[in-house]
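Going line by line, the protein sequences match chains A and B.
If you're matching positions, the first sequence starts at 1 in the working numbering and goes up one per residue.
If you're matching positions, the second sequence starts at 1 in the working numbering and goes up one per residue.
Reading through the C-alpha cells given below for one structure.
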Amino acid sequence: MPAVHWGSSSTRLLLQGRQGQRRGRAYRPAYLVGAAVFGAVVIAVVVSIATGSAQAFAHYGLSFVWSGTWSPTTGQYATGILVVGTVVTTGAAMLLATPIGLGAAVALSELVPRKVAAAASTFVELLAAVPSIVVGLWALLVLSPMFARHVEPFLRSLPVLGGAFSGPAYGPSILLAAVVLAIMTLPTLVALSRTALRGVPVEDREAALALGATRWQVVRKVVLPTARPGIGAAVTLALGRAMGEAIAVALVIGNRPALPHSLIAPGATLGSAIVNQFAEAQPGLGTSSVIALGAVLLVLTVAVNIVGQMLRRAGASAGPMAPLPVGAPGGAVLTIEAPAQSVGKAASSGRAIAAPHSAEGSLPRRLVSGAVGEVACVVALVAAIAPLIALGWYTVARAWPALSFGFLVHPVVPFGVSGGGISTAIAGTARTVGLALVMAAPAGLLTALFLYERPGRLPAALRFSADVLSGVPSIIIGIFAFEVVVRPMHHPSTFAGALALAVLMLPIMVRASEEAIRSVPVDLQEAGAALGAARSRVVRSVVLRGSLPGLISGNLLALARVTGETAPLLFTLASPALAMSLLIYTNGTEPFPSVQQEAWATAFVLLAAVLALSAIARGAAWTLTRRAR
Amino acid sequence: MTVTSQPGAAESNASASGPSGPAAETVPPALRFEEVSVGFKNHIAVRGVTLEVPARQVTTLVGPSGCGKTTLLRAVNRMHDHLDGQVEGRVLLGDLDVYGAGTRAELVRSRVGMVFQRPNPFPTMSIFDNVVSGLRFAGIRKKPVLKEAAELALRQAALWDLVEHRLHQPAVRLSGGQQQRLCIARALAVQPEVLLMDEPCSALDPIATAKVEQLITRLAHEVTVVLVTHNMFQAARVSDHVAVLLMGEDRVGELVEAGPAAKVLHSPDDPRTMEYVSGRVG
C-alpha cells in the first residue's frame, strides 16, 4: 500500500494557514458577563427591598414585624396580624390541596391508562399557565356569590366543625382565599409530585408485585415512601407559591386586617395588603412600611423555597441507589452453613410460621381496600382538574357576548363611553412582554452557558439562587422595579414593567436553558472537539443547535408565564389600559355588569394568548425533538 | 389447592439422585407450560412453548439474547400484566391455572418468588423490613411470626450471620452480592413453591456469583428453581434440567430442546442445540 503524503496535500496547506487564527475569543467573556448580570439581578432584588424598607425599620424597629396596630396614616400595617393571616390562609390551602394533588398525581402516575395519563398531564401542565388574575376574576364573580349563598351557610350548620365557620357569610373570606390558592397551586403540586412518583424505579415496583402485593400496596408501601422527598418538595414549593400570591387573594379575601376567628370571616395576607395599600400609602414612611411588608414576605417565601429546593435535590439524588462500595465484612469467605441444618430448620418451622398461603384469606380484603384507595385517587384527579375546566367554561360563556372584532381593535375608553375595546391593552401587554423578552433572553442563555461550562461552587450557588428566585412572589419583583426605575425617574413606564417581567422570566429561562443544553450528549461535543474545533464553535454548532428545541420551549414557557402577570405591573405601568391583566383587575372589581363583562372578555383574550404560547412551546419542543432524531 | 412446600424424605432422595427421568415422573411437575406464546403490542416474543418443570430441582432456560427466556419466565407470575403483554396458552402452577378466569395475579405471585437481574431491595426499608415485606403485603403483622420468618429466610439465603446484628440498617448499605442474597431471602420468606431467577448473577462479581450459585443448588432441596441465564457455564454448574430457547427464522423465540442438563449440554438431539451449545460449553 502506498504511503499517504499528508504534507503534500493542498488541504493540509489550507489548514496550516488557518491554525494561527483564534476565533470565538469572545465566548468566555460573554458567558461571564451573562452570569454577572444574573448575579447582579439577584443582589439588586434583595438590596432594593432592604433599602426600600430601611426607613420603616429605622422608625419602628424590629417590632414592626410582630406589630398588631393597623394605622395606615402613620405607616403601621399590623404586620403580625398579616403574618398570621398569611400562615392561616396558606396553611388551609395546603391542607385542601395536598391530599387532592397527591391523589391526582398517584392516579396519573400509577392508575389510569398511559395514554389518558399523558393527555391529562399535558392538560394539567397547561393549567399551570392560567394567569392568577383570571382565577381571581372567576373566584370573585362566580365562586364568591356561591360561597355566600350555599357553601358558607352549609359549613356553618355542620355539627362539630361548624365552630370554625361561625359568623355572617359574606362570600369573600379566608376560606374562599384558601380554596382559590388550592386551585391555583394544584397544577404545580400535581406536576411535581407526578415527576417524583415516576422517578421510582420500575425494578422496585416489580419487586413488590412479584411478592404478591396489590397495585395499591405497591403505591402505599413502595412508591410513596421512595418518592417522599420529592413529594415534600412539591408541597413546600406549592406552599411558597401560595404564600406569595397577591392579586387573586386580594380579590377574594375581604381585606380585613384582624386576627382570624372564623374561616368564613374576611381576612388579609401580606400579599393582599401590599396590593391594597401600595398605591394609597403616604410617600416616605408609608411607602417604606409597605415595602417592609414585602421584606417580611420575601424572607418567608425565600425560607420556604430554600427548604423546598433542598428537598427537591434530596429527592432527585435518592433515585435508584447504587450499593455503597463498602466491602463485605466477611470478605471472600464463604459463609454458607451446612445445607442439612438449614433444610431441617425450614422443615421444622415451616409449619409454625403462617402456612404459605394463608394470604389467600386476606386477599379479598386487600383488594377492596385497594379499590377504595384507587377510586379516591381518581376522584382527586377529577377534583384537581374540574375547577379549572369550570373556570375555562365560565370565561368563554361570559366573554362570548362581548367579544367582537371591534372589541379587539378599538382602544380602551373611559367608563360610560361606548364603542371601546382593548387594543391599547393588547398592544401594551405585547410591548411590555416583548421588551422583557429582549432584556431577559440573552442574559438567561449566557447564564445557562456559564452554569454549563463552569464546575464548582459559584455556579452551584447561582443555580440554587435561580431556583429560589423563581419562587419569589411577583409582587416583590414589582416593588423591586418600582424602587430601581419608577422612583428615580419619578413616573411609571413600560420599561419599569418590562424590567419586572424580565426579572421574573430570568430564572425560568436560566434553568430551562441549562437543562436543554445538558441534554445534548457529551460524545457529540467530544466528536466536535476531536476535530479541532474551538470550544465556542462546538458550543455554537453542536450544543446550541442540539438544544434548540429545549431553548425555544423554555423561553416560550417563561414568556407565557409573565404574559398573565398582574402584581408587578400594578406599580410600574402608568395606566390599567396598558396591560390586559391590569384591565381585568380594575374592570372586574367594578360593580357594573357591563364593565364586568368587558373584564371577562379581556380575560378570555389573555387566557387564549397564554394557553396558545404554552401550547406552542410544548408543540415546538415536541416536533423539533422528533425532527432532530 | 395448597401444595406442600416441605421437603419430604422421598423427594429429597429423588433430587439427591440427580437429574433423572424417573424422578420427574413420580413427582407431579411444579410448573407446566402448554403451548405458551407471549406477545407485545407489535411483536411476538416467544411462541408455542410446552414444557414441564420438575418440582424441587433447578431448571435453567438458556439461549441467546432476545430469544424470550426472560419473557417466558415473567409469564409465570404474570409480570406482563402491567406492561400490556398478551399471554396465550396455559401456564399451570401445580393445579392452578395462572391465566384462568378468576385467578388473581396477586394469588399467583404469593406462591411464586422472583429474583431480578439487578439487586432491587426496597431503598426506603431496612434489611428486616425488606425480608418480611412479602408477608406484610399478605397482611401478616404479628412481630414474632415475622421475626421467625425473617431469620429462616435469611439463613436459607446464607445471609443471617452477616446481618444478624444490623437487621434494622437500610438494605442499600449492603454490597451488591449481599443485596442480591437479601432479595433471594425476601422471595423465600413467603415460602413460594417456585422461585424464578432472572439472570440473578449478571450484575455481580465472580465471588458473589459463586455464592449465589452455591445457594441455588442448595435451595433446590426446598423449592423449585427456574433460572434464566445466558452463561452456559453457569447453566452447567447449577442445572438439573436445561431448556434451550433459540430464535426461529422469523426472529420469534422457540423452545428447541429440553431435558436433563447432562444430556442437553453434551449430547443434544437437535442439531440447532448442538450448534448453539458446542461453541459455548467446553
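For each residue, glycine too, the CB sits at the ideal point set by N, CA and C.
Just so we're clear, the structure is a prediction, and the values are computed from it rather than from any experiment.
Per DSSP, which residues does Leu255/B bridge with? Please list them. DSSP lists Leu245/B as the bridge partner or partners of Leu255/B.
- Completely contained alpha helix (DSSP H) runs for the stretch 238 to 300 of chain A, where each covers 4 or more residues: Those alpha helix (DSSP H) runs which fall completely within the stretch 238 to 300 of chain A and span 4+ residues are 247 to 252, 270 to 277.
Quiz prompt | Cβ neighbours of Ala24/B in the same chain (closer than 6 Å, five flanking residues each side left out) | solution = Note that Ala24/B scores 44 on pLDDT, short of 50, meaning its location in the model is unreliable and no value can be drawn from it.
Notebook entry, point to check: Starting from Met184/A and walking both ways along the alpha helix (DSSP H), at which residues does that stretch end?
Noted result: From DSSP, the alpha helix (DSSP H) with Met184/A extends over 174 to 198.
Point to revise | With 16 other Cβ atoms within 10 Å as the buried cut-off, status of Ser519/A | key: The residue in question, Ser519/A, is exposed, as its Cβ has fewer than 16 Cβ neighbours within 10 Å.
Notebook entry, point to check: Do you know how far the Cα of Ile479/A is from the Cα of Thr51/A?
Noted result: Distance from the CA of Thr51/A to the CA of Ile479/A, rounded to the nearest whole angstrom, comes to 11 Å.
### Task
Would you list, in sequence order, the uninterrupted alpha helix (DSSP H) runs of no fewer than 4 residues that lie entirely inside the stretch 387 to 412 of chain A?
Counting whole runs of 4 or more residues, the stretch 387 to 412 of chain A contains the alpha helix (DSSP H) stretches 405 to 409.
Query - Reduced DSSP category for Tyr287/B - H, G, I as helix; E, B as strand; rest coil - result: Nothing can be reported for residue 287/B, as the shown portion of chain B is limited to 1 through 282.
Q.
Using a Cβ-Cβ cutoff of 8 Å, what residues of the stretch 128 to 146 of chain B are near chain A? List them in chain order.
A. The stretch 128 to 146 of chain B vs chain A, Cβ under 8 Å: Ser133, Gly134, Leu135, Arg136, Phe137, Ala138, Gly139, Ile140, Val145.
Measuring only between beta-carbons, confirm whether Thr623/A sits less than 8 Å from chain B. No, its Cβ sits nowhere closer than 8 Å to a Cβ of chain B.
* To do: Report yes or no: is there a C-beta of chain B within less than 8 Å of the C-beta of Val83/A?
  => False, the Cβ-Cβ gap to chain B never drops below 8 Å.
Where does Phe415/A sit, in a helix, a strand or coil, going by DSSP? For Phe415/A, the three-state secondary structure derived from DSSP is coil.
Option nearest Ala75/B by Cα separation, candidates Val87/B, Phe116/B, Leu83/B, Glu164/B
For the residues Val87/B, Phe116/B, Leu83/B, Glu164/B, the minimum Cα distance to Ala75/B belongs to Val87/B.
Open item on the list: Would Leu211/A pass as an interface residue toward chain B - the criterion being a Cβ-Cβ separation below 8 Å?
Closed with: At least one C-beta of chain B is nearer than 8 Å to the C-beta of Leu211/A.
With the cut-off set at 8 Å, would you say Val46/B and Gly279/B are in Cβ contact?
Cβ distance not < 8 Å, so Val46/B and Gly279/B don't count as in contact.
**Asked** Using the rule of at least 16 other Cβ atoms within 10 Å of the residue's Cβ for burial, across every protein chain shown, is Leu95/A buried or exposed?
**Response** Leu95/A comes out exposed.
>> Within the continuous alpha helix (DSSP H) that includes Leu499/A, where are the two ends?
In response: Start and end: 494 to 518.
* Figure out for me which residue from Gly420/A, Leu224/A, Leu391/A has the closest Cα to the Cα of Thr124/B. => Selected option, being the one with the closest Cα: Leu224/A.
query = Expressed to the nearest angstrom, what Euclidean distance is found between the alpha-carbon atoms of Leu611/A and Thr214/A?
reply = Leu611/A and Thr214/A: Cα-Cα distance of roughly 39 Å.
message = Could you give the first and the last residue of the continuous alpha helix (DSSP H) run that contains Ala138/B?
response = Secondary structure note for Ala138/B: it is in no alpha helix (DSSP H), with a DSSP letter that is neither H nor E.
### Query
DSSP on Thr273/B, reduced to helix/strand/coil?
Residue state, collapsed to three classes: helix.
Item checked: Reference Val212/B; option with closest CA among Thr224/B, Asn42/B, Glu199/B -> Of the candidates Thr224/B, Asn42/B, Glu199/B, Glu199/B places its Cα closest to the Cα of Val212/B.
Taking Met232/B as part of the alpha helix (DSSP H), name the residues at either end of that continuous run. 232 to 238 is the span of the alpha helix (DSSP H), which, as asked, contains Met232/B.
**Asked** Does the stretch 545 to 563 of chain A come close enough to the stretch 606 to 620 of chain A to have 3 or more Cβ pairs within less than 8 Å?
**Response** With a cut-off of 8 Å, the stretch 606 to 620 of chain A and the stretch 545 to 563 of chain A count as touching, because enough Cβ pairs lie within range.
Report task. Compare the C-alpha of Lys221/A against each of Gly89/B, Gly113/B, Leu135/B, Gly100/B and name the closest. Result -> If we check each option's Cα against that of Lys221/A, Leu135/B comes out closest.
Which residue or residues does DSSP assign as beta-bridge partners of Arg32/B?
-> Bridge partners of Arg32/B according to DSSP: Glu52/B, Leu92/B.
By the 9 Å beta-carbon criterion, what residues does the stretch 103 to 122 of chain B contribute toward chain A? Flagged, chain order: Arg104, Ala105, Glu106, Leu107, Val108, Arg109, Ser110, Arg111, Val112, Gly113, Met114, Val115, Phe116, Gln117, Arg118, Pro119, Asn120, Pro121, Phe122.
In angstroms with no decimal places, state the Cα-to-Cα distance between Ala177/A and Val41/A. Taking the Cα positions, Ala177/A is about 32 Å away from Val41/A.
* To do: Could you give the DSSP three-state label for Val304/A: helix, strand or coil?
  => Three-state DSSP puts Val304/A in a helix.
Taking the C-alpha atoms as reference points, what is the distance between Met489/A and Ala530/A? Straight-line Cα distance between these residues: approximately 53 Å.
| message | What does the alpha-carbon distance come out to for the pair Leu140/A and Ala242/A? | response | So the two alpha carbons sit approximately 17 Å from each other.
Worksheet item: Taking buried to mean at least 16 other C-beta atoms within 10 Å of its own C-beta, is Gln309/A buried or exposed?
Response: Gln309/A sits buried, since 16 or more C-beta atoms from the chains shown fall within 10 Å of its C-beta.
Exercise for review: Output the distance between the C-alpha atoms of Leu188/B and Thr623/A, rounded to the nearest integer angstrom.
Suggested key: Roughly 49 Å between the two C-alpha positions.
| field | Rounded Cβ spacing between Leu287/B and Val256/B (contact assumed at less than 8 Å) | value | Absent from the structure is residue 287/B, since the part of chain B shown begins at 1 and ends at 282.
Rounded separation between Ser474/A and Ala567/A - CA only | One C-alpha to the other measures close to 6 Å.
Using Cβ-Cβ distances below 9 Å, what residues of the stretch 42 to 63 of chain B are close to chain A?
If the cut-off is 9 Å between Cβ atoms, the stretch 42 to 63 of chain B has nothing near chain A.
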